[in-house]
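For reference, the structure is listed below as structure tokens.
Protein chains: 4
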Amino acid sequence: MSKVHKFPFVIAFADTDAEGIVYHARYLEIAERARMNWLKGHFSIGDDVGFVVKELNIKYFSPLRLSDEVVVETVMTDVGAAVVKIEQKFMKNDSVCAIMTLRVAYLGKDMQPKRIPEEFIRDLI
Amino acid sequence: MSKVHKFPFVIAFADTDAEGIVYHARYLEIAERARMNWLKGHFSIGDDVGFVVKELNIKYFSPLRLSDEVVVETVMTDVGAAVVKIEQKFMKNDSVCAIMTLRVAYLGKDMQPKRIPEEFIRDLI
Amino acid sequence: MSKVHKFPFVIAFADTDAEGIVYHARYLEIAERARMNWLKGHFSIGDDVGFVVKELNIKYFSPLRLSDEVVVETVMTDVGAAVVKIEQKFMKNDSVCAIMTLRVAYLGKDMQPKRIPEEFIRDLI
Amino acid sequence: MSKVHKFPFVIAFADTDAEGIVYHARYLEIAERARMNWLKGHFSIGDDVGFVVKELNIKYFSPLRLSDEVVVETVMTDVGAAVVKIEQKFMKNDSVCAIMTLRVAYLGKDMQPKRIPEEFIRDLI
């Protein structure tokens, strides 16, 4: 339903571990950078806390390594009143290295779920 | 089936983000420290790459904050020839703040799946 | 002048990089955990921001690796009205692997320098 | 002496801590991404370990925050046979937020210092 957003990222030593591959938790950080780039300028959270990850699943198919040029493809797969589902693929040379799905809640400044701002829905779906 | 391993950990600034709570990717790092402590001394991987995370699911129930004293409870839930399933709970004052499940493969030095060493099975299940 | 505080820490994959050694920025995180453990229970920052690193120097002598058991030795080397100097050594089997020195300022809730709480001086020097 | 390399970077939640500012160790990771971008395509390390940080100094002047668009300016300040000195400035809207200086050694595959490859000197100075 929504447009696919593409975010390029180059793997640095900071992302790797002693197995010579990208450390499994780093995918989550790279994915957050991709979502940030995707949301940038599309809406304002004002005093709200904003989006918080409630559940996350990631499957690792083939490892990423130092200097790899990755493209993270982000797409919304479902939108509720206060919750969004997102899928993010880690692509290298058109093959999928990992797939992540997230359930993300929108929180107001009291840390409670809150209706997602209109501009978000309008711009990104 | 297996014994529960408990690993205490104190949240530092390094673990938190600007929302004032532990950053969602950090749970994975803390969980790795817990697994490392659990496996310590139980078996040797020799020249093998060792365990690599293939799939991971995490549900976040209530946020962790700076200075929180967390206990990570680790338990094996399934063991195959080259794959292990693990559940890890993030506990604070006896309530569950997050639950993570992992499917972890054992890899030889050629990065291919390999039979898990005997001592691992014997000691930890 | 002040007592030496010792903090043990075990190196995990999260701390290493593709060179097979601890990533240089990770020393700063481990050092923060050591300072946190050192300060724990000694004083309250109330509404203040607390200590913020203003300058930092680190010399790396010999690399740390996966599973290494490190002890971080922390000592205060100077105390001013709103600034403290700290030295932290990364020890492995009684040899120094890295030395870090920091200049740390105490900030009030307005992010401005503020007099360090009395209990801090009394307890830790 | 050398040309100034500029690397833009956007601050994500992953980079921040509970004080609402970029965590002090994260500057080192961002700086590494900048150096990687700077070196990219300029020379090959073959089987060598490559550059390793031996000493580092960083002064923090004014904090960086979520969504800040930073430019890291990298410049070589000295070149020896096996050692390079580098200065990196974190710029926001033309003001300097932090300055880092590094002494970096080139290591061969035996982890010993080794003469820096010719193309490195030729291209980057």
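Residue numbers (my numbering), protein chains in the order written: chain A, 477 to 601; chain B, 477 to 601; chain C, 477 to 601; chain D, 477 to 601. All C-beta atoms, glycine included, are put in the ideal place defined by N, C-alpha and C. If you're wondering where the values come from, they're calculated on a predicted model, not measured in any experiment.
- Query: With C-beta atoms as the reference, is Ala494(D) less than 9 Å away from Arg509(A)?
  - Reply: Going by C-beta atoms, Ala494(D) is not nearer than 9 Å to Arg509(A).
- Rounded to whole angstroms, how far is the Cβ of Val486(B) from the Cβ of Glu545(B), which I believe are closer than 8 Å? Val486(B) to Glu545(B), Cβ: 6 Å. Contact.
- Which chain C residues sit within Cβ distance under 9 Å of Val486(B)? The contacting residues are Arg509, Met512, Asn513 and Lys516.
- Task: With 9 Å as the threshold, decide whether the Cβ of Ala494(D) is near any Cβ in chain A.
- Result: Nearest CB-CB separation between Ala494(D) and chain A: not below the 9 Å threshold.
- Just checking my contact of Val572(D) with Lys565(D) at CB under 8 Å: how many whole Å lie between their CB atoms? Contact flag correct, Cβ pair sits at about 5 Å.
- Measure the C-alpha to C-alpha separation of Ala501(C) and Gly526(D) and round it to an integer number of angstroms. Looking at the two C-alpha atoms, the distance is approximately 17 Å.
- Task: Look at the alpha carbon of Met587(B) and the alpha carbon of Leu504(A), and state the distance between them as a whole number of angstroms.
- Result: C-alpha separation (whole angstroms): 23 Å.
- Message: Am I right that Val529(A) and Val580(A) are in contact with their C-beta atoms under 8 Å? What's the rounded C-beta distance?
- Response: With 8 Å as the limit, Val529(A) and Val580(A) qualify as a contact, their Cβ atoms being about 6 Å apart.
- Query: Looking at the unbroken alpha helix (DSSP H) that takes in Phe596(B), where does it start and where does it end?
  - Reply: Its alpha helix (DSSP H) spans residues Glu594 to Leu600.
- Got a sec? Which residues, its chain only, sit under 6 Å from Met576(D) by beta carbon, not counting five neighbours each side? Result list for Met576(D): Ala507, Ile534 and Gln564, in chain order.
- Message: What does the alpha-carbon distance come out to for the pair Glu531(B) and Gly517(B)?
- Response: So the alpha carbons of these two residues sit roughly 25 Å apart.
- Could you list the residues in the stretch 536 to 558 of chain A with a C-beta less than 9 Å from some C-beta on chain B, going in chain order? Using a CB distance below 9 Å, the part of the stretch 536 to 558 of chain A facing chain B consists of Tyr536, Phe537 and Pro539, ordered along the chain.
- Query: At a Cβ cut of 7 Å, what residues of the stretch 567 to 590 of chain C count as close to chain D, listed as they run along the chain?
  - Reply: From the stretch 567 to 590 of chain C, no residue has a Cβ closer than 7 Å to chain D.
- With DSSP collapsed to three states, give me the class of Asp586(B). DSSP places Asp586(B) outside both helix and strand once states are collapsed to three, so it counts as coil.
- Message: Please return the same chain residues whose Cβ sits closer than 6 Å to the Cβ of Thr553(C), not counting the five positions on each side in sequence.
- Response: Around Thr553(C): Lys561 and Glu563.
- Task: Tell me whether Ile601(B) is buried or exposed, calling it buried when 16 or more other Cβ atoms sit within 10 Å of its Cβ.
- Result: Around the C-beta of Ile601(B), fewer than 16 other C-beta atoms lie within 10 Å, and the residue is accordingly described as exposed.
- Item | Assigned exposure category for Arg598(C) - 16 Cβ within 10 Å defines buried | Exposed, because fewer than 16 other Cβ atoms sit within 10 Å of the Cβ of Arg598(C).
- Message: Please tell me whether Glu563(C) has its Cβ less than 9 Å away from any Cβ of chain B.
- Response: Answer no: the Cβ-Cβ gap between Glu563(C) and chain B never drops below 9 Å.
- Query: Does Ile534(B) come within less than 9 Å of chain A when only Cβ atoms are used?
  - Reply: Ile534(B) counts as touching chain A.
- Item | 7 Å CB neighbourhood of Glu595(B) in its chain, flanking five on each side removed | Excluding positions up to five away in sequence, the list reads His518 and Phe519.
- Message: Contact criterion: CB-CB distance below 9 Å. Does Phe489(C) meet it with respect to chain A?
- Response: Chain A, which has a Cβ nearer than 9 Å to the Cβ of Phe489(C), makes this yes.
- Simplified DSSP assignment, three categories, for Asp493(D): Of the three classes helix, strand and coil, the one that applies to Asp493(D) here is coil, per DSSP.
- Task: Would you please verify whether the beta carbon of Ile506(D) is less than 9 Å from any beta carbon of chain B?
- Result: Residue-level contact check: Ile506(D) does not touch chain B, since none of the beta carbons of chain B fall below 9 Å from its beta carbon.
- Which class does Ile506(D) belong to by DSSP, given the choice of helix, strand or coil? The three-state reading of DSSP puts Ile506(D) in helix, counting H, G and I together.
- Message: Taking 9 Å as the threshold (C-beta atoms), are Val551(D) and Pro484(D) in contact?
- Response: Taking 9 Å as the cut-off, the Cβ atoms of Pro484(D) and Val551(D) do not count as close.
- Message: With H, G and I counted as helix, E and B as strand and the rest as coil, what does DSSP make of Arg511(A)?
- Response: Three-state result, Arg511(A): helix.
- Message: Check this for me: beta carbons of Met512(C) and Ser538(B), under 9 Å apart or not?
- Response: The answer is no: Cβ separation not under 9 Å.
- Please determine, among Val555(D), Glu549(D), Leu578(D) and Tyr582(D), the residue with the shortest C-alpha to C-alpha distance to Met567(D). Of Val555(D), Glu549(D), Leu578(D) and Tyr582(D), the residue nearest in Cα terms is Glu549(D).
- His481(A) lies in the beta strand (DSSP E); which residues open and close that run? Segment His481 to Val486, the beta strand (DSSP E) holding His481(A).
- Query: Is the shortest distance between the beta-carbon of Val498(B) and the beta-carbons of chain A less than 9 Å?
  - Reply: Among the CB atoms of chain A, none fall inside 9 Å of the CB of Val498(B).
- Task: With DSSP collapsed to three states, give me the class of Lys516(B).
- Result: Residue state, collapsed to three classes: coil.
- Message: Can you tell me whether Ser571(C) is helix, strand or coil according to DSSP?
- Response: Judged by DSSP in its simplified three-state form, Ser571(C) adopts strand.
- Message: Less than 6 Å between C-beta atoms, sequence neighbours within five positions excluded: which residues of the same chain meet that for Tyr536(A)?
- Response: Hits under 6 Å: Ala574.
- Query: For Asp523(A), which residues from the same chain have a beta carbon less than 7 Å from its beta carbon, with the 5 sequence-adjacent residues on both sides left out?
  - Reply: Taken in chain order, the residues that qualify are Lys585.
- Message: Within 10 Å of its beta-carbon, does Ala488(C) have 16 or more other beta-carbons around it, so buried, or fewer, so exposed?
- Response: Ala488(C) is buried by the Cβ-count criterion.
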